[in-house]
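One line per chain: the protein sequences are A and B, in this order. Take -17 as the starting number for the first sequence in this note's numbering and just add one per residue. Take 403 as the starting number for the second sequence in this note's numbering and just add one per residue. Ideal Cβ positions, reconstructed from N, Cα and C, are used throughout, including at glycine. Because the structure is a prediction, the values reported are computed rather than measured.
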Amino acid sequence: GNSVTQMEGPVTLSEEAFLTINCTYTATGYPSLFWYVQYPGEGLQLLLKATKADDKGSNKGFEATYRKETTSFHLEKGSVQVSDSAVYFCALSGGANNLFFGTGTRLTVIP
Amino acid sequence: NAGVTQTPKFQVLKTGQSMTLQCAQDMNHEYMSWYRQDPGMGLRLIHYSVGAGITDQGEVPNGYNVSRSTTEDFPLRLLSAAPSQTSVYFCASSYGQGRNYEQYFGPGTRLTVT
């Protein structure tokens, strides 16, 4: 079946620190992989995606590479800002447009 | 465009009461879905619809009903609320069906059942 395992939080970083949030997956077939972000009091927004192996998704300074050999899709950012404080969800789409989510990682960036 | 809207934002129910969570989108999306978000469990799919008149069950459908009479609206009904249904509910929509289509989420409804 399909599942996503995500790094547990919460994560607290100082501004300009390097961020990594780990995500691994189990899937049948060839899923698409996503990172969604949820800012306080809001719904989820797509941050980035990758649809096939070795694809790199990027947006707002965040990056993630679809690694089929390690079944991973780790989220990275070189220099975080206070405005990046949010909950980050890794997800996969196994077909029929249904998403399978990880448990979410809360990131807090302090000045 | 307002995107995906949900009402109410907060709701408290007593066990056994019924209610309907409203969801609407103005993007002419064919695909709509409902998720619940629980601590430590991420989001789980309740029901989804691939177009007006067509609905199907997701991972956790028990205790919930849906219907899709128009493209724009996809209400979620709780017939007899239980404390286990305390959660945050998100509605989502997308243009098409398939793994490459981005889903757009509403702001959520926080439901407490006492």
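First and last residue of the uninterrupted beta strand (DSSP E) at G453 of chain B: 444 to 453
Residues from the stretch 481 to 513 of chain B in contact with chain A, defined by Cβ distance under 7 Å: F492, S496, Q499, G500, R501, N502, Y503, E504, Q505, F507, G508, P509, G510
Coil, strand or helix - S518 of chain B by DSSP: Absent from the structure is residue 518 of chain B, since the part of chain B shown begins at 403 and ends at 516.
Cβ contact (3+ pairs, closer than 8 Å) linking the stretch 408 to 423 of chain B and the stretch 38 to 55 of chain A: no
Bridge partners - A46 of chain A, DSSP secondary structure assignment: A:G39
Burial state of R470 of chain B (16 or more Cβ within 10 Å): Buried: at least 16 other Cβ atoms inside 10 Å.
Separation of Y466 of chain B from L89 of chain A, as counted between CA atoms: 32 Å
Limits of the unbroken beta strand (DSSP E) element including D440 of chain B: 433 to 440
When B:Q427, B:T417, B:L415 are compared against T473 of chain B, the one with the closest alpha-carbon: Distance from the Cα of T473 of chain B is smallest, within the candidate group B:Q427, B:T417, B:L415, for B:Q427.
A414 of chain B, enclosing beta strand (DSSP E) - first and last residue: Residue identity differs from the one stated: residue 414 of chain B is Val in this sequence, not Ala. Per DSSP, V414 of chain B belongs to the beta strand (DSSP E) from 412 to 415.
Bridge partner(s) assigned by DSSP for M421 of chain B: M421 of chain B pairs with B:L480.
Rounded C-alpha distance that separates F476 of chain B from S486 of chain B: 22 Å
Proximity winner among A:T33, A:T47, A:G39, relative to S14 of chain A (alpha-carbon distances): A:T33
Partners in chain A for G460 of chain B, counting only beta-carbon separations shorter than 8 Å: N80
Residue range of the beta strand (DSSP E) that includes S496 of chain B: 489 to 496
Environment of L481 of chain B [buried if 16+ CB atoms lie within 10 Å]: Residue burial is scored here from C-beta neighbours: L481 of chain B has fewer than 16 other C-beta atoms within 10 angstroms and is therefore classed as exposed.
Proximal residues, the stretch 437 to 456 of chain B versus chain A, C-beta separation under 9 Å: Y437, Q439, P441, G442, M443, G444, L445, R446, L447, Y450, V452
Distance, E(-3) of chain A Cα to Q63 of chain A Cα: 5 Å
When A:T85, A:I92, A:K59 are compared against E(-10) of chain A, the one with the closest alpha-carbon: A:T85
Contact the stretch 504 to 511 of chain B vs the stretch 9 to 27 of chain A: 3+ CB pairs below 8 Å: The stretch 504 to 511 of chain B vs the stretch 9 to 27 of chain A: in contact.
Contact set between E24 of chain A and chain B, taken where Cβ atoms lie within less than 9 Å: F507, P509, G510
Pick from B:M434, B:R479, B:Q413, B:R446 that is closest to G455 of chain B, judged by C-alpha positions: The residue with the shortest Cα to Cα distance from G455 of chain B is B:M434.
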